[in-house]
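Peer 1:
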Amino acid sequence: MAQYFVKQLLLSTLLLNSAFARADTKSKSEPGDTAIGSEAILRTEGPLVDMRLNADKTLMAFVDHRGQSLRILDLNTQDVYELTPHRVGSAYFWSPDGKRLFFRELIRDGKKVMSEVKAYDTVLHKSIALDRFTGSSGFLTLDPRDYTYYMMHEKGIASRRLDFPGERFARWQERAKKTIDLGRYIATQKSILWLSDLGLTLSTLKDDVSGVESFDISPDGTTIAWATAKNQIFISHLGETPKRLGPGRDPRWHESRSLLLYSAGRVVGDKVYDYDIRISDVKGEGRFLTNTPDIKERWPQWWTDSNVLYTRESSTDLWKLQY
Numbered sequence: 029m030a031q032y033f034v035k036q037l038l039l040s041t042l043l044l045n046s047a048f049a050r051a052d053t054k055s056k057s058e059p060g061d062t063a064i065g066s067e068a069i070l071r072t073e074g075p076l077v078d079m080r081l082n083a084d085k086t087l088m089a090f091v092d093h094r095g096q097s098l099r100i101l102d103l104n105t106q107d108v109y110e111l112t113p114h115r116v117g118s119a120y121f122w123s124p125d126g127k128r129l130f131f132r133e134l135i136r137d138g139k140k141v142m143s144e145v146k147a148y149d150t151v152l153h154k155s156i157a158l159d160r161f162t163g164s165s166g167f168l169t170l171d172p173r174d175y176t177y178y179m180m181h182e183k184g185i186a187s188r189r190l191d192f193p194g195e196r197f198a199r200w201q202e203r204a205k206k207t208i209d210l211g212r213y214i215a216t217q218k219s220i221l222w223l224s225d226l227g228l229t230l231s232t233l234k235d236d237v238s239g240v241e242s243f244d245i246s247p248d249g250t251t252i253a254w255a256t257a258k259n260q261i262f263i264s265h266l267g268e269t270p271k272r273l274g275p276g277r278d279p280r281w282h283e284s285r286s287l288l289l290y291s292a293g294r295v296v297g298d299k300v301y302d303y304d305i306r307i308s309d310v311k312g313e314g315r316f317l318t319n320t321p322d323i324k325e326r327w328p329q330w331w332t333d334s335n336v337l338y339t340r341e342s343s344t345d346l347w348k349l350q351y
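Throughout, our numbering is defined as the position within the sequence shown, counted from one, plus 28.
(1) What does a CB cutoff of less than 8 Å around residue 52 pick up in its chain, not counting 5 residues either side in sequence?
(2) Would DSSP call residue 285 helix, strand or coil?
(3) Alpha carbon to alpha carbon, what distance is there between residue 333 and residue 57?
(4) Taking all protein chains shown into account, do 16 or more other C-beta atoms lie within 10 angstroms of the C-beta of residue 227, making it buried, or fewer, making it exposed?
(5) Under 9 Å, do residue 190 and residue 176 count as touching if we go by C-beta distance?
(6) On a CA-only basis, which of 245, 103, 233 and 304 is nearest residue 269? Give me that one, please.
(7) Per DSSP, which one or two residues make a beta bridge with residue 260?
(8) Mind pulling the beta strand (DSSP E) runs of 3 or more residues that sit fully within the region 132–180?
(9) Excluding sequence positions up to five away, which residues of its chain have a Cβ less than 7 Å from the Cβ of residue 341?
(10) Under three-state DSSP, which class holds residue 42?
(11) Are residue 275 and residue 292 close, meaning C-beta to C-beta below 9 Å?
(12) Going by CA-CA distance only, name the one from 350, 82 and 150 that's closest to residue 336.
(13) What is the C-beta distance between residue 111 and residue 164, in whole angstroms, given that I count them as a contact (C-beta under 8 Å)?
(14) Can you grab the Cα-Cα spacing for the pair residue 168 / residue 187, in whole Å?
(15) Thinking C-beta only, is residue 318 closer than 9 Å to residue 304?
(16) Mind checking who residue 215 pairs with in its DSSP beta bridge?
(17) Less than 9 Å between the beta carbons of residue 157 and residue 345, yes or no?
(18) Excluding five sequence neighbours on each side, which residues of the same chain lie with their C-beta closer than 6 Å to the C-beta of residue 300?
(19) How is residue 207 classed by DSSP in three states: helix, strand or coil?
(20) Is the region 73–82 touching the region 119–137, taking contact as three or more C-beta pairs under 8 Å?
(21) Taking the beta strand (DSSP E) that residue 2 belongs to, which residues open and close that run?
(22) Determine the burial state of residue 198: buried for a count of at least 16 other Cβ atoms within 10 Å of its Cβ, exposed for fewer.
(23) Can you tell me which of 70, 181 and 249 puts its alpha carbon nearest to the alpha carbon of residue 217?
(24) At what residues does the beta strand (DSSP E) containing residue 119 begin and finish?
(25) Rounded to whole angstroms, what is the Cα-Cα separation between residue 262 and residue 211?
(26) Output the boundary residues of the beta strand (DSSP E) element that contains residue 76.
(27) Please classify residue 23 as buried or exposed, where buried requires at least 16 other C-beta atoms within 10 Å of its C-beta.
(28) Report the three-state DSSP secondary structure of residue 202 (helix, strand or coil).
(29) Could you give the DSSP three-state label for residue 237: helix, strand or coil?
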């Protein structure tokens, strides 16, 4: 059972814009801020790390700076509930209907580490355990083509087909069965893997070999974008040789277009010194939405009405920006 808090966990939560879409005052609090039209809409007592919105854009999951304390924030009511105090990292995703959050938590049991996969129901406010493994594990990787998740663990690869009430595959999912036969993505902290030949062949997609920080799979399940520990974003389509998009972090695919939203790195020499929000296609052609020196915008999310949500590194504010 999750610990449920009504305006208690985020004691200093301040709704700066009650309608989220209308505000009389634009934020001018940051020197050098040229993110035209950006508005701070929410303030919390702690950073919103690795934010992820559900399907109807009303619930947002996030963790703390250590990858622990997975929580859900209701953007309409400001209610916040903690699902687990344990380490989750980036191993969580929303169900397609936005009613359930699936996550993998790492639990220390004496000298052992256990990996437990759980599903949290936002209507019942209840978690159930799905799988449990001895040892550490990789990221939960959902294939949207057939709602099957995969996870690398110490003894192999775990998979589970998720069933949802009243579920019927869409036409595009029926058509996607041919691409499923070509292979699937599996994300680990070390690398992105491509599982092909009906599960007999496991290949590593080449990047800068620094490790995987975050990733996102396109809604049609065919393309993956990931950010490495060296702050570089790579893209691969159906397991093909990855293409480096450029310096950046926190990639997120648009729900219906081949567009990527991410924190793009500003580089001097070979060092990334800042991050601004950018939209790009798979060829790398796009535009910056912000230009805010030394502020470091992070974890952007596609929101509603041509808006994106994002936060700033080491900040407690949630920002809205029209694109």
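Glycine included, every Cβ here is placed at the ideal spot set by N, Cα and C.
Peer 2: Taking the definition as stated:
(1) Here residue 52 scores only 38 on pLDDT, less than 50, and its place in the model is too uncertain to base an answer on.
(2) In the structure shown, residue 285 sits in coil (DSSP, three-state: anything other than H, G, I, E or B).
(3) Any reading at residue 57 needs caution, since the residue's pLDDT is 40, under 50, leaving its predicted position unreliable; the model's value is listed next. Each residue's alpha carbon lies about 25 Å from the other.
(4) With fewer than 16 Cβ atoms within 10 Å of its Cβ, residue 227 is classed as exposed.
(5) Yes, Cβ-Cβ distance for residue 190 and residue 176 is below 9 Å.
(6) Comparing alpha carbon positions, the residue from 245, 103, 233 and 304 closest to residue 269 is 233.
(7) Residue 260 pairs with 275.
(8) If we require 3 residues or more, the beta strand (DSSP E) runs fully inside the region 132–180 come out as 140–149, 154–162 and 169–171.
(9) Around residue 341, the same chain offers 324 and 326 as residues with beta carbons nearer than 7 Å, after the five sequence neighbours per side are excluded.
(10) Since pLDDT at residue 42 reaches only 45, below the 50 mark, its modelled position is unreliable, and the value read off the structure follows with that caveat. Per DSSP, reduced to three states, the secondary structure at residue 42 is strand.
(11) Residue 275 is a Cβ neighbour of residue 292, given a cutoff of 9 Å.
(12) Closest by alpha carbon: 350.
(13) No, residue 111 and residue 164 are not in contact; Cβ-Cβ is about 20 Å, not under 8 Å.
(14) The straight-line gap separating the alpha-carbon atoms of residue 168 and residue 187 is approximately 9 Å.
(15) Yes, Cβ-Cβ distance for residue 304 and residue 318 is below 9 Å.
(16) Beta-bridge partners of residue 215 (DSSP): 220.
(17) In terms of Cβ geometry, residue 157 and residue 345 do not form a close pair [threshold 9 Å].
(18) Excluding positions up to five away in sequence, the list reads 259, 275 and 293.
(19) Secondary structure of residue 207 (DSSP, three-state): helix.
(20) With a cut-off of 8 Å, the region 119–137 and the region 73–82 count as touching, because enough Cβ pairs lie within range.
(21) Absent from the structure is residue 2, since the part of the chain shown begins at 29 and ends at 351.
(22) Exposed, because fewer than 16 other Cβ atoms sit within 10 Å of the Cβ of residue 198.
(23) Here the closest residue by C-alpha is 181.
(24) According to the DSSP assignment, residue 119 belongs to no beta strand (DSSP E), since it is labelled neither H nor E.
(25) Looking at the two C-alpha atoms, the distance is approximately 18 Å.
(26) For residue 76, there is no enclosing beta strand (DSSP E), as DSSP marks it with neither H nor E.
(27) The structure shown does not extend to residue 23, since the chain is modelled only from 29 through 351, so no value can be given for it.
(28) It is helical.
(29) Of the three classes helix, strand and coil, the one that applies to residue 237 here is coil, per DSSP.
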